[in-house]
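Notes for the one structure printed next.
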Amino acid sequence: SCGACVYTCPFGAISDKSYIVDIIDMLKKSDNNRNYKVYAVVAPSIASQFSYAKLDQVVTAIKMLGFHSVVEAALGADMVAYKEAQELAEKGFLTSSCCPAFVMYIKQSFPMLKDKISHNLSPMAEISRYIKENDPTAKIVFIGPCTAKKMEVKWDTVKPYVDYAMTFEELQAIFDSKDIELAELDGTALDNASYYGRIFARCGGLGDAVAEALKEQGNEEFVLNGISCDGIEECKRALMRASKNALPNNFIEGMACVGGCIGGAGCLTHGEKNKSEVDKYGMLAHEKTIKEAIQTFADIDANVQK
């Protein structure tokens with residue numbers, strides 16, 4: 002379900018299921034967001050994808066498609082990191098739950114470890130839940146690098162919060178169909194998350210965020226000894242050791258795609274530069290701590306609701 006076969010097949014014979022038609026239909030039926038508001042939740046890896054335009058121009062283009070608002074999934078990552086740090090400190094050993102392909106791999110190949118999977122939702126689902134709690138009629142489309150998210154949105158724990166998922170490749174296809182020239186647009190700011198939430202997009206980012214969350218929570222008793230698994234083979238090795246009680250680490254960050262989400266099957270580009278672009282994007286965050294990002298968004302949302 003990670004989708005690696007989609008972009009590695011030399012014949013282009015494999016494709017993932019697309020919901021573009023459903024998404025366009027949902028946008029049309031919203032009647033310019035009068036019947037209900039349609040939110041786009043964008044993955045932080047978007048910072049590395051549209052190299053011919055600025056990120057704020059991409060945000061403008063997404064809103065031109067009919068979306069009411071564009072929200073960072075990275076804010077959901079801030080929320081997840083904070084909760085995951087608490088859960089890890091309580092349980093003593095945990096695997097991440099952000100990558101749906103990794104979660105399914107554990108359930109199918111290492112069922113003896115499925116109770117070790119974090120009970121937290123993924124960043125996509127976490128921020129979507131928050132949006133729908135504050136706007137019950139909202140419709141939500143996740144836009145990211147991941148074909149496995151199309152599977153995740155059908156899970157019982159996720160489908161109440163996310164309506165559809167589409168990839169960056171599909172987003173580009175819609176831009177092309179509308180003749181939208183990103184580089185010619187004015188920008189729209191995207192500023193919801195912290196540095197730590199934004200670097201979830203690359204391998205090691207989740208682990209760094211959990212370490213920061215533990216620090217911000219003042220948890221000095223629990224000693225984090227995490228391992229970041231870059232790709233499914235590294236995940237397999239760590240899980241095999243964990244299943245035999247031979248893993249010295251107490252937290253497994255599992256990313257099915259090499260490089261993390263920036264290596265996803267639905268990306269427009271795959272390269273070393275993507276990691277540095279995500280790190281740069283993280284450094285641009287106004288909120289420097291996870292707590293600040295969560296509180297700032299809550300304050301903004303409270304003012305909007307008044």
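Residue numbering for the sequence shown follows my numbering, starting at 2 and increasing by one per position. Idealized CB from N, CA, C, for every residue including glycine. Just so it is clear, the structure is predicted and the values come from calculations on it, not from any experiment.
{"Asked": "Own chain partners of A126 with C-beta closer than 8 angstroms, once the 5 adjacent residues on each side are dropped", "Found": "G77, E153, T158, V159, Y162, V163"}
{"Asked": "Nearest-angstrom Cβ-Cβ length linking A74 and G188, presumed shorter than 8 angstroms", "Found": "At roughly 20 angstroms, the Cβ-Cβ gap does not stay under 8 angstroms, so A74 and G188 are not in contact."}
{"Asked": "Reduced DSSP category for I181 - H, G, I as helix; E, B as strand; rest coil", "Found": "coil"}
{"Asked": "Secondary structure of L66, DSSP reduced to three states", "Found": "coil"}
{"Asked": "DSSP-derived helix/strand/coil call for S110", "Found": "helix"}
{"Asked": "Start and end residues, alpha helix (DSSP H) containing E331", "Found": "Beyond the ends of the chain as shown, which are 2 and 307, falls residue 331; an answer cannot be given."}
{"Asked": "Assigned secondary structure, Y40 (DSSP; H/G/I helix, E/B strand, else coil)", "Found": "strand"}
{"Asked": "Per-residue burial, D17 [other beta carbons within 10 Å of its own, 16 or more giving buried]", "Found": "buried"}
{"Asked": "Contact set for I175: own chain, Cβ-Cβ below 7 angstroms, skip 5 residues either direction", "Found": "I21, L66"}
{"Asked": "Per-residue burial, M113 [other beta carbons within 10 Å of its own, 16 or more giving buried]", "Found": "exposed"}
{"Asked": "Cβ pair count under 8 angstroms reaching 3, the segment 114-134 against the segment 263-272", "Found": "no"}
{"Asked": "Reduced DSSP secondary structure (H/G/I, E/B, other) of A74", "Found": "helix"}
{"Asked": "Beta-bridge pairing of T96 - partner residues as DSSP gives them", "Found": "I118, I253"}
{"Asked": "Limits of the unbroken beta strand (DSSP E) element including D231", "Found": "227-231"}
{"Asked": "Residues that DSSP places opposite M167 in a beta bridge", "Found": "I144"}
{"Asked": "Touching by the beta-carbon criterion (3+ pairs, under 8 angstroms), the segment 194-206 and the segment 284-298", "Found": "yes"}
{"Asked": "Identity of the residues DSSP links to S195 by a beta bridge", "Found": "E288"}
{"Asked": "Rounded separation between E182 and T61 - CA only", "Found": "11 angstroms"}
{"Asked": "Through-space distance from S31 to S19, alpha-carbon basis", "Found": "20 angstroms"}
{"Asked": "Boundaries of the alpha helix (DSSP H) in which G208 is found, first to last residue", "Found": "206-217"}
{"Asked": "Burial state of E1 (16 or more Cβ within 10 Å)", "Found": "Since the displayed the chain opens at 2 and closes at 307, residue 1 lies outside it and no answer follows."}
{"Asked": "Length of the line joining the Cα atoms of I63 and D26", "Found": "15 angstroms"}
{"Asked": "Beta-carbon contacts of V71 that lie in its chain and below 7 angstroms, excluding the five residues immediately before and after", "Found": "A41, V43, V60, I63, K64, L191"}
{"Asked": "Residue environment, T138, which counts as buried when at least 16 other CB atoms sit within 10 Å", "Found": "exposed"}
{"Asked": "Alpha helix (DSSP H) segment containing L28, residue limits", "Found": "21-30"}
{"Asked": "The segment 207-214 touching the segment 233-241, judged by at least three CB pairs closer than 8 angstroms", "Found": "no"}
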